[in-house]
Amino acid sequence: MAFLHTATGTSSGPKSGIKSKSWTPYLLLAPGLIWLITFFIFPIISLASTSTMVRPEGAQIGTYVQELRFANYIDAFQANQEQYIRSFIYAALATILALAIAYPLAYMIAFKSGKYRNILLVLVVAPFFTSFLLRTVAWTQILGDEGPIVSTLKLLPFVDESMRLTSTPFAVVSGLTYNFLPFMTLPLYASLERIDPRTLEASGDLYANAFTTFRKVTVPLSLPGVVAGTLLTFIPAAGDYINAAILGNPNTRMIGNVIESRFFAVVDYPTAAALSFTLMATILILVTLYIRRTNTDELV
Amino acid sequence: MKRDIESLAPETRALIRAQLTRRSLLVGAGAVVGAGTLAACGTGGSETEGAGIVDVSDTEKIVRWANWPLYLDFDEDAKVYPTLQQFESATGITVTYTEDIDDNNSFYGKVQGQLAIGSDIGYDIVTPTDWMAARFIEQGYAQELDAANIPNKGNIREVLANVGFDPGRNYSLTWQSGFAGFGWNVQKIPKGVRTMEDLFAPANKGRVVVLSELRDTIGVILQYQGVDPSGPFTEDQYMNAIDFLKGKIADGFIRKVRGNSYSEDLVNGDAVAVIGWSGDLFILKSENDGKFDFAIPESGGTLWSDNMLVPSTSTHKKNAELLMNHYYDPAVAAEVAAYVNYICPVEAAQPELEKIDPELAASPFIFPDAETLSKVKVFRALTADEQTNFQAAFDEAIGN
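Taken in sequence, the protein lines are chains A and B.
Per numbering that gives the first Met the number 0, the first sequence starts with residue 0, numbered consecutively.
Per numbering that gives the first Met the number 0, the second sequence starts with residue 0, numbered consecutively.
Quick look at the structure:
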C-alpha cells in the first residue's frame with residue numbers, strides 16, 4: 000500500500016519571521032480548540048460526573064447527588080442490553096447494505112458516468128436538501144399498510160393479507176441504510192475517482208482479467224473510501240434513534256431511544272449518561288479494532 | 000436535598016445544575032473560583048421567585064407564549080390568530096405565539112436548566128399538562144398570579160377551580176382540557192370501540208396504537224382493571240396495568256406507542272383503533288368526512304388539562320395575566336373552542352358558541368355534562384419517587 004503515500008512536497012522551509020512562526024499554529028488551532036473545549040470537553044466532563052450520581056430517596060424529580068456509584072454502569076447495561084446489542088446489529092446490517100448499494104453506484108459514477116457525473120453526484124447529495132426527519136416520516140407513508148409498496152405486494156399470490164412493513168426491523172434497517180447512504184457513497188466515490196486508470200491498464204497488461212483487476216487493484220485502492228464510508232455510516236447509525244422511533248415499534252428500539260427516554264421522560268440523568276458513555280466506549284473500541292484490522296490507520 | 004448538595008465537592012456541585020436556584024448556583028460557582036475554600040451556605044428548596052426578576056410589563060409591551068400545536072383558533076386565509084389579534088389591538092401588547100411544546104417531558108428537559116439558574120427561557124406563558132404544571136409549581140418555576148389583573152378568572156369551570164396541585168388556582172389557569180379514550184376507523188370497525196375487548200378484538204391485531212403518555216394509556220387500562228387512577232392505587236396495581244400493556248405489545252396487538260403522531264397512523268391505515276385524545280379525533284373526523292370517531296371507554300377514560308403558567312424567569316407577568324384574562328372572556332373562549340374542539344374551561348362560553356356553531360355547543364366533549372364527567376378520572380398526583388419509578392416502568396414496557 001506504499002504507493003498510496005504520494006510524495007507530496009514538504010520542502011517549503013521556514014520563510015517567515017520567528018514571531019509569526021511561533022504564533023500562527025496556535026492561532027490556526029484556536030477556533031477548533033475553543034469549539035472542542037466548549038462543546039465536547041465540558042459536556043464530557045459533565046456527563047462523566049452525572050453518570051455516577053444517585054437520586055436520594057424522596058428528592059425532587061431531576062435531583063441527583065454525586066456518590067461515585069460506578070455500579071450505575073452495570074445497572075444501566077444490564078437493564079438495556081437487549082436494545083444495546085440490537086443497535087449494533089442494526090447498524091452493522093445498515094452498513095453492509097449501504098456498502099452493497101453504494102459501491103456499484105460510486106464505481107459507476109467514478110468510471111462510467113462520463114458527462115453525467117456531476118448530475119449523478121448532485122442526485123446523491125439531493126436528499127440532504129430536505130430534512131432528515133421529514134424524509135423518515137415520508138417512509139412511513141411509503142411503507143404504510145395502505146401505501147404503494149404493501150398494496151402492490153399484496154397483489155402477489157403468496158403474500159398474506161396481514162403483511163406489513165412499518166413497525167418492523169426491516170423498516171428500521173432500511174431507514175438507516177437510506178439515511179446514511181450518501182455518507183457511504185461520497186467517500187467511496189472520492190477514493191475510486193482518484194485511482195489512476197494506468198494502474199488498471201497495467202493490470203491488464205499483466206494478463207489479469209477484469210475480475211482479478213477489480214479484486215487486486217480497484218478494491219485495495221478504494222479501501223480508504225470503504226473504511227471512511229463504513230465508519231461514517233456505522234457510528235451515527237449505532238446511536239440513531241429517529242429511525243427506530245418513527246419506523247419501528249416497541250420491539251425494535253435502539254440504544255438511542257433508551258437514552259432519549261431516560262433523559263427526557265424518566266429524568267434519570269445518571270442512567271442516560273452511563274449509557275452514552277458505554278456507547279461511546281464501545282464504538283471507540285470497535286472502530287480501533289476495525290482500523291487496526293484493515294491496516295488503514297495511516298490513511299484515515 | 001440541601002444538605003446533600005453541600006456535602007459534595009465544589010466542582011461537582013457546580014455541575015449539578017438541576018434544582019439549584021440562582022443564588023446557590025452562584026455560591027457553587029464562587030466556590031470553584033475560590034478553589035473550594037468558600038464555606039457554601041447554599042439556599043436549598045425552591046425559592047426562585049423574586050431572585051432578581053422585576054416585572055417590566057408596563058415598559059415592554061410584549062408577551063411570549065409557548066403552546067402546543069393546533070391549539071389556538073387560526074385563520075387559514077389571513078394566516079393570523081384572530082383572538083390574539085383582538086388582544087393585541089385592545090391592549091397594545093405584542094404577542095409572540097409559538098407552538099413550541101410538543102411533549103411535556105422534552106419541553107421540561109429543554110427549559111429546566113435555564114429555570115434552575117434563573118436565566119430567561121424566552122417565554123412568559125407556558126402551557127404544560129396538569130402533572131407537569133404540578134412539577135413547575137412544586138419546584139418553584141411558576142410565579143404566583145395576581146388575581147386583580149385577571150377579573151375573568153371567576154369564569155373558570157367549577158371542577159377546574161380547585162385542583163390538587165394548585166388549590167384556588169394561584170399559579171395556573173386551565174387552557175383547555177380533553178379526554179383520553181378510544182378512537183377508531185369507522186369503515187374498518189363499523190360497530191365502534193367501547194370496551195377494551197373491542198379495542199383488542201382479534202381483527203385489530205397489529206393495528207392498535209396507544210399513547211406514549213403514561214397517564215392516559217395506563218389510566219385507561221387501570222380503569223379496565225377496576226382500579227381508580229384518581230384514587231390511592233398501589234404500586235402493585237400500577238404494575239398490573241404495565242403487565243397488561245407489555246402483554247399486548249408482546250402479542251403483537253399493539254403496533255406502536257406514540258405521541259401526537261398516532262393521528263398519522265390512523266390516516267395512513269397503520270392503525271384502525273387507538274387510545275387517543277378527544278379533540279384530535281374530532282378534528283380528524285371533520286377533516287375525513289366522518290371516517291373516524293371517539294368514545295369514552297365504558298370502563299372509564301381520563302380527563303386531563305393543559306395549564307397556563309408564568310415561568311419563574313418571566314419579566315412580563317402582568318402582560319401574561321392580561322392575556323389569560325382575555326381568554327377567560329366567554330366570547331373569546333367560545334371562538335377558541337370552535338376551533339380546537341377540546342373542553343372549554345369557561346362554562347359561560349356555551350351560549351356564545353351557540354351563536355358560532357350550535358352543533359358544537361351541544362357536544363358533551365366541549366361542554367361536558369355531569370354524566371360525561373362521571374365517566375372520566377383525573378390521574379392522581381404522583382410523588383417524585385413514584386413518578387421516577389412508574390415512568391421508568393412504563394418506558395421499559397414500551398421498549399425504551
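Ideal Cβ positions, reconstructed from N, Cα and C, are used throughout, including at glycine.
Computed from a predicted structure; not experimentally measured.
Considering only C-alpha positions, which residue in the set A/Ile-60, A/Leu-96, A/Glu-66, A/Gly-57 is nearest to A/Ala-236?
Within the first sequence, the letter at position 237 stands for residue 236 of chain A. When only C-alpha atoms are compared, the closest one is A/Leu-96.
So is B/Val-79 buried or exposed if we call it buried at 16+ other beta carbons inside 10 Å?
The residue labelled residue 79 of chain B in the question sits at position 80 within the second sequence. By the neighbour-count rule (16 or more Cβ atoms within 10 Å), B/Val-79 is not buried but exposed.
Classify A/Gly-255 as helix, strand or coil using the three-state DSSP reduction.
Counted from its first residue, the first sequence places residue 255 of chain A at position 256. Three-state result, A/Gly-255: helix.
Just mark A/Ser-130 as buried or exposed, buried being the case when its beta carbon has 16 or more other beta carbons within 10 Å.
For this step, residue 130 of chain A is matched to residue 131 along the first sequence. That one is exposed.
Give the single residue among B/Gln-84, B/Ala-146, B/Glu-75 whose Cα lies nearest to the Cα of B/Lys-317.
As a position in the second sequence, residue 317 of chain B is number 318, starting the count at 1. Cα-wise, what sits closest to B/Lys-317 is B/Ala-146.
Please state the DSSP three-state secondary structure of B/Ala-34.
What you label residue 34 of chain B is simply residue 35 of the second sequence in a count that begins at 1. Low confidence applies here, because B/Ala-34 scores a pLDDT of 30, under 50, leaving its location unreliable and the question unanswered by this model.
Give the single residue among A/Ser-21, A/Trp-22, A/Gln-65, A/Ala-90 whose Cα lies nearest to the Cα of A/Ile-282.
As a working note, residue 282 of chain A is residue 283 in the first sequence. The residue with the shortest Cα to Cα distance from A/Ile-282 is A/Ala-90.
Contact defined as beta carbons within less than 8 Å: I believe A/Leu-199 pairs with A/Thr-212. What is the distance between those atoms, to the nearest angstrom?
Along the first sequence, one-based indexing puts residue 199 of chain A at 200. Along the first sequence, one-based indexing puts residue 212 of chain A at 213. The Cβ separation is near 6 Å, so the contact holds.
Taking only runs of the alpha helix (DSSP H) that begin and end inside the region 158-235 of chain B, which ones reach a length of at least 4 residues, in chain order?
With a minimum length of 4 residues, the continuous alpha helix (DSSP H) runs that stay inside the region 158-235 of chain B are 195-198, 213-223.
Look at the alpha carbon of A/Arg-291 and the alpha carbon of B/Ile-136, and state the distance between them as a whole number of angstroms.
Here residue 291 of chain A is taken as the residue at index 292 of the first sequence, counted from 1. Here residue 136 of chain B is taken as the residue at index 137 of the second sequence, counted from 1. Those two C-alpha atoms are separated by around 55 Å.
The beta strand (DSSP E) with B/Met-307 in it runs from where to where?
Against the second sequence, residue 307 of chain B aligns to sequence position 308. Counting along the chain, the beta strand (DSSP E) containing B/Met-307 begins and ends at 300-308.
Can you tell me the Cα-Cα spacing of A/Leu-92 and A/Val-216, whole angstroms?
Your numbering for residue 92 of chain A matches position 93 in the first sequence. Your numbering for residue 216 of chain A matches position 217 in the first sequence. Whole-angstrom Cα-Cα distance: 26 Å.
In chain B, which residues lie with their C-beta within 7 Å of the C-beta of A/Val-265?
Along the first sequence, read from residue 1 onward, the residue named residue 265 of chain A stands at position 266. Per Cβ cutoff of 7 Å: Thr-387, Gln-390, Ala-391, Asp-394.
From the DSSP output, in three-state form, read off B/Leu-24 for me.
Position 25 of the second sequence, counting from 1, holds the residue named residue 24 of chain B. In this predicted model, B/Leu-24 has a pLDDT of only 32, less than 50, meaning its place in the structure is not dependable; the value taken from the coordinates is given anyway. Helix.
Bridge partners for B/Asp-292 per DSSP, in chain order?
Within the second sequence, residue 292 of chain B is the residue found at index 293, counting from 1. For B/Asp-292, which the question treats as bridged, DSSP gives the partners B/Trp-183.
Using 8 Å as the threshold, is the C-beta distance between B/Ile-52 and B/Ala-319 below it?
What you label residue 52 of chain B is simply residue 53 of the second sequence in a count that begins at 1. What you label residue 319 of chain B is simply residue 320 of the second sequence in a count that begins at 1. Against a cut-off of 8 Å, the Cβ pair of B/Ala-319 and B/Ile-52 comes out as no contact.
Can the beta-carbon of B/Pro-296 be found less than 8 Å from the beta-carbon of B/Tyr-122?
Here residue 296 of chain B corresponds to residue number 297 of the second sequence, with the count starting at 1. Here residue 122 of chain B corresponds to residue number 123 of the second sequence, with the count starting at 1. No, the Cβ-Cβ distance between B/Pro-296 and B/Tyr-122 is not below 8 Å.
In the DSSP assignment, the beta strand (DSSP E) including A/Tyr-289 goes from what residue to what residue?
The residue labelled residue 289 of chain A in the question sits at position 290 within the first sequence. Per DSSP, A/Tyr-289 belongs to no beta strand (DSSP E); it is in the alpha helix (DSSP H), 268-293.
Between the C-alpha atoms of B/Ser-118 and A/Phe-38, what's the straight-line distance to the nearest angstrom?
In the second sequence, residue 118 of chain B corresponds to position 119, counting from 1. In the first sequence, residue 38 of chain A corresponds to position 39, counting from 1. In a straight line, the C-alpha of B/Ser-118 is about 20 Å away from that of A/Phe-38.
Name, in chain order, the residues that DSSP records as bridge partners for B/Lys-255.
Residue 255 of chain B sits at position 256 when you count from the first residue of the second sequence. DSSP, once it has assigned bridges, lists B/Val-208 as partnering B/Lys-255.
If contact means a Cβ-Cβ distance below 8 Å, which residues of the region 42-67 of chain A contact chain B?
Listed in sequence order: Ile-44, Ser-45, Ser-48, Thr-49, Met-52, Arg-54, Pro-55, Glu-56, Gly-57, Ala-58, Gln-59, Ile-60, Gly-61, Thr-62, Tyr-63, Val-64, Gln-65.
Does the ligand ADP have even one heavy atom less than 7 Å from the beta-carbon of A/Tyr-25?
For the ligand ADP, the structure offers nothing, since it holds no ligand at all.
When you compare the CB positions of B/Leu-283 and B/Val-62, do they come within less than 8 Å of one another, or not?
Here residue 283 of chain B corresponds to residue number 284 of the second sequence, with the count starting at 1. Here residue 62 of chain B corresponds to residue number 63 of the second sequence, with the count starting at 1. Result no, Cβ atoms of B/Leu-283 and B/Val-62 do not sit closer than 8 Å.
Name, going along the chain, the residues of the region 163-192 of chain A whose beta-carbon falls closer than 7 Å to a beta-carbon of chain B.
If the cut-off is 7 Å between Cβ atoms, the region 163-192 of chain A has Arg-163, Thr-165, Ser-166 near chain B.
Closer than 8 Å, CB to CB, is A/Gln-140 near chain B or not?
In the first sequence, the residue the question calls residue 140 of chain A occupies position 141. By this cut-off, A/Gln-140 is an interface position.
Please classify B/Arg-134 as buried or exposed, where buried requires at least 16 other C-beta atoms within 10 Å of its C-beta.
Working through the second sequence from its first residue, we reach residue 134 of chain B at position 135. B/Arg-134 should be labelled buried.
Any contact of the region 260-271 of chain A with the region 267-283 of chain B, i.e. 3+ C-beta pairs under 8 Å?
Counting Cβ pairs under 8 Å, fewer than three are found: no touch.
So which of A/Leu-288, A/Ile-118, A/Arg-197, A/Ala-105 has the shortest CA-CA distance to A/Leu-185?
The residue given as residue 185 of chain A occupies position 186 in the first sequence. Nearest C-alpha to A/Leu-185: A/Ala-105.
Measure how close the beta-carbons of B/Ser-260 and B/Tyr-341 come, nearest whole angstrom, since I'm counting them as under 8 Å.
Sequence index remark: in the second sequence, residue 260 of chain B carries index 261 (1-based). Sequence index remark: in the second sequence, residue 341 of chain B carries index 342 (1-based). 18 Å between Cβ atoms; not a contact.
Give the secondary structure of B/Ile-355 by DSSP, where H, G and I count as helix, E and B as strand, and everything else as coil.
Here residue 355 of chain B is taken as the residue at index 356 of the second sequence, counted from 1. The answer is helix: DSSP assigns B/Ile-355 an H, G or I state.
Considering B/Gly-108, what are the terminal residues of the beta strand (DSSP E) in which it resides?
If you number the second sequence from 1, residue 108 of chain B lands on position 109. It is not in any beta strand (DSSP E) - B/Gly-108 instead sits in the alpha helix (DSSP H) that spans 103-116.
Looking at chain A, is there any beta carbon in it that lies within less than 8 Å of the beta carbon of B/Ala-28?
As a position in the second sequence, residue 28 of chain B is number 29, starting the count at 1. At B/Ala-28, the pLDDT of 34 sits below 50, so the modelled position is not reliable; the number obtained from the coordinates is stated separately. So no, B/Ala-28 is outside the interface.
Comparing C-alpha positions only, which one of A/Asn-208, A/Ile-254, A/Ser-260 sits nearest to A/Thr-277?
Position 278 of the first sequence, counted from the start, is the residue given in the question as residue 277 of chain A. Selected option, being the one with the closest Cα: A/Ile-254.
Name the one or two DSSP bridge partners that A/Gln-65 has.
Residue numbering aside, residue 65 of chain A sits at position 66 when the first sequence is read from its first letter. DSSP output for A/Gln-65 lists A/Met-52 as bridge partner(s).
Checking contacts by CB at 8 Å: is B/Ile-100 closer than that to chain A?
Counting from 1 along the second sequence, the entry for residue 100 of chain B is found at position 101. Judged by the 8 Å Cβ criterion, B/Ile-100 is not in contact with chain A.
Alpha carbon to alpha carbon, what distance is there between B/Pro-201 and B/Asp-99?
As a position in the second sequence, residue 99 of chain B is number 100, starting the count at 1. As a position in the second sequence, residue 201 of chain B is number 202, starting the count at 1. Distance between the alpha carbons of B/Asp-99 and B/Pro-201 is about 39 Å.
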